[in-house]
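A.B. asks:
Chains as they are written, first to last, in my numbering: chain A, 8 to 380; chain B, 6 to 416.
1) Give me whichever residues DSSP pairs with residue 300 (chain A) in a beta bridge.
2) Would you decide whether residue 293 (chain B) is buried or exposed? Buried here means 16 or more other CB atoms lie within 10 Å of its CB.
3) Beta-carbon separation of residue 345 (chain B) and residue 365 (chain B) under 7 Å?
4) Hey, does residue 322 (chain A) have any beta-carbon neighbour from chain B nearer than 7 Å?
5) By the DSSP assignment, the beta strand (DSSP E) with residue 394 (chain B) in it spans what residues?
6) Taking the continuous alpha helix (DSSP H) assigned at residue 418 (chain B), which residues delimit it?
7) Under a three-way DSSP split, which group does residue 402 (chain B) fall into?
8) Cα separation between residue 338 (chain A) and residue 355 (chain A)?
9) Helix, strand or coil: which one does DSSP assign to residue 66 (chain A)?
10) Run the CB neighbour count on residue 98 (chain B), radius 10 Å, all protein chains shown included, and call it buried at 16 or more, exposed below.
11) If we ignore side chains and look at the alpha-carbon of each, how far apart do residue 15 (chain B) and residue 40 (chain B) end up?
12) Roughly how many angstroms lie between the CA atoms of residue 269 (chain A) and residue 348 (chain A), to the nearest whole one?
13) Does DSSP put residue 39 (chain B) in a helix, a strand or coil?
14) Between which residues of its own chain and residue 207 (chain A) is the CB-CB distance below 7 Å, once the five residues before and five after are set aside?
15) For the putative contact between residue 196 (chain B) and residue 42 (chain A), defined by C-beta atoms under 8 Å, what is the C-beta separation to the nearest angstrom?
16) Taking only beta carbons into account, state which residues of the segment 343-368 of chain A come closer than 7 Å to chain B, listed in chain order.
17) Who pairs with residue 92 (chain B) in a beta bridge, going by DSSP?
18) For residue 45 (chain A), does the three-state DSSP call read helix, strand or coil?
19) Anything in chain B within Cβ reach of residue 292 (chain A), meaning under 7 Å, just list it in chain order.
20) Keeping to the same chain, check which residues put their C-beta closer than 6 Å to that of residue 316 (chain B); ignore five residues upstream and five downstream.
21) Taking DSSP's pairing of strands, which residues face residue 361 (chain A) in a bridge?
22) Residue 228 (chain A) and residue 213 (chain A): beta carbons closer than 7 Å?
23) Under 8 Å by Cβ, that's how I've got residue 60 (chain B) and residue 402 (chain B) pegged, so tell me the actual separation to the nearest angstrom.
24) Within the 7 Å Cβ cut-off, does residue 88 (chain B) reach chain A?
25) Give the residues of chain A in contact with residue 136 (chain B), contact being defined as C-beta atoms less than 8 Å apart.
26) Which same chain residues, not among the five before or five after residue 369 (chain B), have their C-beta less than 8 Å away from its C-beta?
27) Under DSSP, the beta strand (DSSP E) around residue 137 (chain A) begins and ends at which residues?
28) Between residue 374 (chain B) and residue 70 (chain B), which are expected to be in contact by the criterion C-beta below 8 Å, what is the C-beta distance as a whole number of angstroms?
29) Considering only their Cβ atoms, is the gap separating residue 133 (chain A) from residue 146 (chain A) smaller than 7 Å?
30) Any beta carbon of chain A sitting closer than 7 Å to that of residue 172 (chain B)?
31) Entirely within the segment 170-256 of chain A and at least 4 residues each: give me those alpha helix (DSSP H) ranges in chain order.
32) At which residues does the alpha helix (DSSP H) containing residue 361 (chain B) begin and terminate?
33) Roughly how far, in whole angstroms, is the beta-carbon of residue 77 (chain B) from the beta-carbon of residue 321 (chain B), given that I think they are within contact range, below 8 Å?
34) What do you reckon, is the C-beta of residue 284 (chain B) under 6 Å from a heavy atom of the ligand ADP?
35) Do residue 283 (chain A) and residue 254 (chain A) have their C-beta atoms within less than 7 Å of each other?
36) Give the secondary structure of residue 110 (chain B) by DSSP, where H, G and I count as helix, E and B as strand, and everything else as coil.
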């Protein structure tokens, strides 16, 4: 057992802090690893010849610095997350990585122009739709990709200044700006074209996802996209509709009264006649609820609202012969009753056969059918 | 056919299936259900009474409805995705339906009285959920029975005070003593805990370190006060308490002394064995049994079954897992079908003291009955009865009965 070297000499800081510092060194040097238990108060007291109170103070001090977790009756454990604490000391990424003895580097994923909508426009105080420059990079510590970051610049001039400040020369900046233009609307056009070609060959319906500018919608429509799913603003949805694309949004958005991502409200879009279909997104029960809610709230007449979860999506996906009640169509039907004030599916009929039934008010009796004679 | 629930006797029979009774299997069974209770059990060829209606369960298992004493599934209905909250009444409706379709006729929704931003839990919402479930349970139109497992957060000041009025007003007052501090219990591996939480916390914009910091904060006085309050409520009678995530024999003993008489989710073999020794029934997650392991790297349900220390299986976070686990475990030979069926029916009913009323197919007990058809290795629910009322019918029965309304007694 080693005895502490600084014991009882003239001290600049209290004893417990010195002990804490020694333990901290042990943590940084890897003597105590993440999740490992530090010596107990008693062990420390013995090792350094101090009383338990001082040992406890040292451990508490480490806890207050966020280096360890003390769990009553179990001990003191080294916490993960030392790296982040260093970041919090306002070191730049490069300094921080260098301090770890590793070589910092960055890889630019892409530079592109995007429209400012929603929160972005709000925070940067630019008009909705204003083109921004977006830069996506991954920062490496040696071979390890450590941080992913995305920066949005309010205009080209600021982006240019930033790159200059990072020591880029004119050629690099020009190349980046060129790339930004080529990557207009956040699309890798070579891939879009490849996917569109394959889709056309196989007769597959192509959808674009999260459209954020009318220009992007226009570009994609030219490439053969037929559905715009989850457009994030009314401008994009409207343009999609004008170009003959089917516009699809999430039914939970209607039920919740807003988008969880802070985008366009589907109920508003429905009222404005901007959408053709509602999908389950992440919550199947929402489809039926959304149709009835739109009708109940007076946003749409019931048949139109029901169309958004039946014929609309069937048409958009190119499924013929279903999605509507019509002679000759597949008998995929649901019966909807009401239970405790909410519309509920009581019977699900798939291809003419009852797949399931649930009790409900109208047929509320417990009785199964009459026994056969 | 017109039958009123209140004035006339309802009498029907379920014939032809293999019934799982408390004391064994009964092939070609005939169950008579009268006014919501099982009134007769025999074999199909011995027909003594004539009934109004008959359900043919040929080729199916006829089982007591599952009794789930720890279900977190409602949280998924309320928040199917981080930050996307579904209106509570719709969430309860959807959860109710899912339980009926999964053959679960009684469930205890685990509601934690805790402010926990990382799980988007608040005490305020816990109160709302408890109140909403309480009134939903009072509605005859419900499909299955909903109770609350009140989860006490021992670390949180005021958790007991928020929980107590709801616990006291419950029809079946059941509470668990939760201590989810990282570094112990289920989360004793802090690093793994952080890794597991990270995606969710990131989506919520919460720094993992800040969250962990907050999670390990504890004021011994608060913990002691919450624990004392629970102990006193147990001593005063009527309240049943479970210990949650026991990680060691000492933990179990300590909790037993505080009045906990059930051990839910013991996370080590030793803790489970100690619970058994102390006469505390153990509640284990059916998903753990079905998946063949715990998501948190705790002791596997398989191992606990080998040791014979599983009393009850609960849905944990997946209602479907209860019946699926029973049949998979039986086919893999972990235990007999009868014993496994008991683990999702009578045993959990006993834990919460409902066994005089439900949890078995027996004369006089509530006719909570599930008809399951073996199909591709997965039991398929053909019918679910809650108190003799058909609340869910799958394709087999629906097809046989012809017109949809008929199956549920259309006017």
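Just so it is clear, CB atoms sit at the ideal spot from N, CA and C, and this is done for glycine as well.
C.D. replies: So, to answer that:
1) As a working note, residue 300 (chain A) is residue 293 in the first chain. According to DSSP, which records beta bridges pairwise, residue 300 (chain A) is partnered with nothing at all.
2) Mapped onto the second chain, residue 293 (chain B) falls at position 288. Residue 293 (chain B) is buried by the Cβ-count criterion.
3) The residue given as residue 345 (chain B) occupies position 340 in the second chain. The residue given as residue 365 (chain B) occupies position 360 in the second chain. Residue 345 (chain B) is not a Cβ neighbour of residue 365 (chain B), given a cutoff of 7 Å.
4) Locating residue 322 (chain A) in the first chain gives position 315, counting from the first residue. Not one beta carbon of chain B lies nearer than 7 Å to the beta carbon of residue 322 (chain A).
5) In the second chain, the residue the question calls residue 394 (chain B) occupies position 389. According to the DSSP assignment, residue 394 (chain B) belongs to the beta strand (DSSP E) that extends over 394-398.
6) It is not possible to answer for residue 418 (chain B), since the shown part of chain B is limited to 6 through 416.
7) Position 397 of the second chain, counting from 1, holds the residue named residue 402 (chain B). It is helical.
8) Position 331 of the first chain holds residue 338 (chain A). Position 348 of the first chain holds residue 355 (chain A). Cα to Cα, the separation comes out at about 10 Å.
9) Taking the first residue of the first chain as 1, we reach residue 66 (chain A) at position 59. The answer is helix: DSSP assigns residue 66 (chain A) an H, G or I state.
10) For this step, residue 98 (chain B) is matched to residue 93 along the second chain. Flag for residue 98 (chain B) reads buried.
11) In the second chain, the residue the question calls residue 15 (chain B) occupies position 10. In the second chain, the residue the question calls residue 40 (chain B) occupies position 35. So the alpha carbons of these two residues sit roughly 5 Å apart.
12) Translated into the one-based positions of the first chain, residue 269 (chain A) becomes position 262. Translated into the one-based positions of the first chain, residue 348 (chain A) becomes position 341. Residue 269 (chain A) and residue 348 (chain A): Cα-Cα distance of roughly 29 Å.
13) Here residue 39 (chain B) is taken as the residue at index 34 of the second chain, counted from 1. Residue 39 (chain B): strand per DSSP, three-state reduction.
14) Position 200 of the first chain, counted from the start, is the residue given in the question as residue 207 (chain A). These residues qualify, in order along the chain: 231.
15) Here residue 196 (chain B) is taken as the residue at index 191 of the second chain, counted from 1. Here residue 42 (chain A) is taken as the residue at index 35 of the first chain, counted from 1. About 5 Å separates the beta carbons of residue 196 (chain B) and residue 42 (chain A), which is inside the 8 Å limit, making them a contact pair.
16) If you check each beta-carbon in the segment 343-368 of chain A against every beta-carbon of chain B, the ones closer than 7 Å belong to 346, 347, 349, 351, 354, 360, 361, 362, 363, 364, 365, 366, 368.
17) Start at 1 with the first residue of the second chain, and residue 92 (chain B) comes out as number 87. Its beta-bridge partners do not exist; DSSP assigns none.
18) Translated into positions along the first chain, residue 45 (chain A) becomes position 38. Residue 45 (chain A): coil per DSSP, three-state reduction.
19) In the first chain, residue 292 (chain A) corresponds to position 285, counting from 1. Residues of chain B passing the Cβ test: 95, 99.
20) Start at 1 with the first residue of the second chain, and residue 316 (chain B) comes out as number 311. Within the same chain, residue 316 (chain B) has close Cβ partners 286, 287, 352.
21) Residue mapping note: residue 361 (chain A) aligns to position 354 of the first chain, counting from 1. A:356, per the DSSP bridge assignment.
22) Here the question's residue 228 (chain A) lines up with position 221 in the first chain. Here the question's residue 213 (chain A) lines up with position 206 in the first chain. The answer is no: Cβ separation not under 7 Å.
23) Stepping through the second chain from its first residue, residue 60 (chain B) is reached at position 55. Stepping through the second chain from its first residue, residue 402 (chain B) is reached at position 397. Indeed, because the Cβ distance is near 7 Å, the residues count as touching under 8 Å.
24) Walking along the second chain from the start, residue 88 (chain B) turns up at place 83. Flagged as an interface residue toward chain A: residue 88 (chain B), by a C-beta distance shorter than 7 Å.
25) The residue labelled residue 136 (chain B) in the question sits at position 131 within the second chain. Those within 8 Å of residue 136 (chain B) in chain A number zero; the least Cβ separation is about 15 Å.
26) Here residue 369 (chain B) is taken as the residue at index 364 of the second chain, counted from 1. Within the same chain, Cβ atoms closer than 8 Å to the Cβ of residue 369 (chain B) are found at 42, 43, 44, the five residues on either side in sequence being excluded.
27) Taking the first chain and counting its residues from 1, the one referred to as residue 137 (chain A) is at position 130. That residue, residue 137 (chain A), is in no beta strand (DSSP E); it is neither H nor E in DSSP.
28) To locate residue 374 (chain B), count along the second chain from 1; it is residue 369. To locate residue 70 (chain B), count along the second chain from 1; it is residue 65. In this structure residue 374 (chain B) touches residue 70 (chain B) by the C-beta definition: roughly 6 Å separates them, less than 8 Å.
29) Position 139 of the first chain, counting from 1, holds the residue named residue 146 (chain A). Position 126 of the first chain, counting from 1, holds the residue named residue 133 (chain A). Going by C-beta atoms, residue 146 (chain A) is not nearer than 7 Å to residue 133 (chain A).
30) To locate residue 172 (chain B), count along the second chain from 1; it is residue 167. No, residue 172 (chain B) lies away from the interface with chain A (no Cβ there is under 7 Å from its Cβ).
31) Counting only runs of 4 or more, we get 177-189, 196-209, 221-229, 241-249.
32) For this step, residue 361 (chain B) is matched to residue 356 along the second chain. That residue, residue 361 (chain B), is in no alpha helix (DSSP H); it is neither H nor E in DSSP.
33) The residue you call residue 77 (chain B) lines up with position 72 of the second chain. The residue you call residue 321 (chain B) lines up with position 316 of the second chain. About 6 Å; that satisfies the 8 Å criterion.
34) In terms of ligand content, the structure shown is empty, and the ligand ADP therefore cannot be addressed.
35) Against the first chain, residue 283 (chain A) aligns to sequence position 276. Against the first chain, residue 254 (chain A) aligns to sequence position 247. Yes, Cβ-Cβ distance for residue 283 (chain A) and residue 254 (chain A) is below 7 Å.
36) Here residue 110 (chain B) is taken as the residue at index 105 of the second chain, counted from 1. Of the three classes helix, strand and coil, the one that applies to residue 110 (chain B) here is strand, per DSSP.
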